[in-house]
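Residue numbers for the sequence shown follow my numbering, beginning at 599 and rising by one. Where a beta carbon is used, it is the ideal one built from N, C-alpha and C, also for glycine.
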Amino acid sequence: MKINKFRGNDFDEFLKEDDIYEEVTARSLKKTSIYKLEKLVSSTRGFKSKMREALKSPSMVERVLSDNPHVEYETLVRAGLSVGFAPIINWVPIEKIKK
């Protein structure tokens, strides 16, 4: 097998070198959660109105369902619970995801 001499370091290593690995990982987790919730809400009628009632603000619903990384995770959880969905976060050994 020929080795690619142009291949660089692992992207995770790059982020760690710049001391932004934890921040990028947290943001990607939040963005993924927002994306999945938005997909559930857009596929089911009436979910947005239930979320408006729970969050007490139409603009808050739009912020939750946008790509806004500044939405607090508590607000995201409250929005999901209002429409019958709860988040699940799994902790796995790093060795398992490096394969």
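With 16 other Cβ atoms within 10 Å as the buried cut-off, status of residue i
i: G678; result: buried
i: L635; result: buried
i: L627; result: exposed
i: F645; result: buried
i: V690; result: exposed
Secondary structure of residue i, DSSP reduced to three states
i: I695; result: helix
i: V690; result: coil
i: A684; result: coil
i: K600; result: coil
Beta-carbon proximity of residue i to residue j, cut-off 8 Å
i: T673; j: M658; result: yes
i: M649; j: V669; result: no
*Go through the segment 620–666 residue by residue and report every complete run of the beta strand (DSSP E) that reaches 3 residues or more, in order.*
Within the segment 620–666, no complete beta strand (DSSP E) run reaches 3 residues.
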